[in-house]
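*Asks:* Okay, handing you the structure first.
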Ligand SMILES: [Zn+2]
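In this note's numbering, the protein residues as written are 1189 to 1527.
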């Protein structure tokens, strides 16, 4: 399939920036293990990746790319020489969720990770979308038998970083009216058209989870799974004090509504965290994030190479104040992940 990728001809005195003057914590990146194989770490040089990140103004990263204890131990050892630069979120492993000793295993692992200096716990979107009970039904986020995880995290004083659902377009028919048509056509498995659980169900489950566990800090990735609906995000942030959001991989969506995002960023400047969803080995996505947050440039691409990876539109900058930028770039992450 030929993808249309029109290039803007707009000439309006743009101030394209590639780096930033501010210290930045990228609190949502993926180092290693992407394909659940340790060979992945051999595909790039970690010291190169880290020096490139430093060149981009990054002073610290939070790695979310781990699935099992084996991954953790491996990543812990690999990142040991860079402990001042890399913090690790530990995985909650649901592989044995249907076993009788699941709670004991997970509790022990959580304590082990805490002792090793984990900065938080990561829960992947498969919770809600694909992890099933013995009877075939999907587990929901607010399942009673999972409550101990959120309580244990609170007891250990560590946040839960959770990816919930995906954009609502992924539940809609894959046709020319779908805003994410190109993306879904190239990745047909990303469509949830046939899934019994819908986008709204997952957001409802998330809300119950936040409500039932007020002592647990939740960082809900990708703008609380609702970057297309910042009124909803705003309502959630005002209702649940334990909710934080990151802006990873939603630049196309927040960048298409810069003034609405600016209002949200001002209203909830203590609750929004910078992150990019960078996968080591891929192109660095940071420059357009800086440009969005720091300039009022209009109509520019949300990827560094101008490819429309999520939808065929451009974005405009929201030019946040220095005080708000400092909070989003590093102060919030520093506090929440205890960096
Ligand atoms: Zn991610």
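C-beta: ideal position from N, C-alpha, C; glycine also. Values in this document were obtained by computation on a predicted structure and should not be read as measured data.
#1: Quick check: the Cα distance between residue 1245 and residue 1235, rounded to an integer number of angstroms?
#2: Given residue 1264, which residues of its chain have a CB within under 7 Å of its CB, disregarding the five upstream and five downstream residues?
#3: Given a cut-off of 7 Å on the beta-carbon distance, is the pair residue 1525 and residue 1308 in contact?
#4: Would you mind reading off the limits of the alpha helix (DSSP H) that contains residue 1302?
#5: Quick check: the Cα distance between residue 1202 and residue 1490, rounded to an integer number of angstroms?
#6: Under 6 Å Cβ to Cβ from residue 1213, same chain only, skipping five residues before and after it: list those, please.
#7: If we ignore side chains and look at the alpha-carbon of each, how far apart do residue 1323 and residue 1286 end up?
#8: Closest to residue 1298 by CA distance: which of 1338, 1408 and 1465 is it?
#9: Could you tell me the alpha carbon to alpha carbon distance between residue 1428 and residue 1458, rounded to whole angstroms?
#10: Using DSSP bridges, identify the partner residues of residue 1310.
#11: Which residue comes first and which comes last in the beta strand (DSSP E) that contains residue 1431?
#12: With 16 as the cutoff for other CB atoms within 10 Å, does residue 1198 come out buried or exposed?
#13: Do residue 1387 and residue 1353 have their CB atoms nearer than 7 Å?
#14: Reducing DSSP to helix, strand and coil, say where residue 1189 ends up.
#15: Taking only three categories from DSSP, how would you classify residue 1488?
#16: Taking Cβ positions, are residue 1438 and residue 1397 nearer each other than 7 Å?
*Replies:* Result, derived from the coordinates:
#1: 16 Å
#2: 1276 and 1304
#3: yes
#4: 1290-1303
#5: 14 Å
#6: 1248, 1518 and 1521
#7: 10 Å
#8: 1338
#9: 13 Å
#10: 1279 and 1349
#11: 1431-1434
#12: exposed
#13: yes
#14: Legend: pLDDT at residue 1189 = 45, less than 50; position of this residue unreliable, value from coordinates given subsequently. Reduced to three states, the DSSP call for residue 1189 is coil.
#15: strand
#16: no
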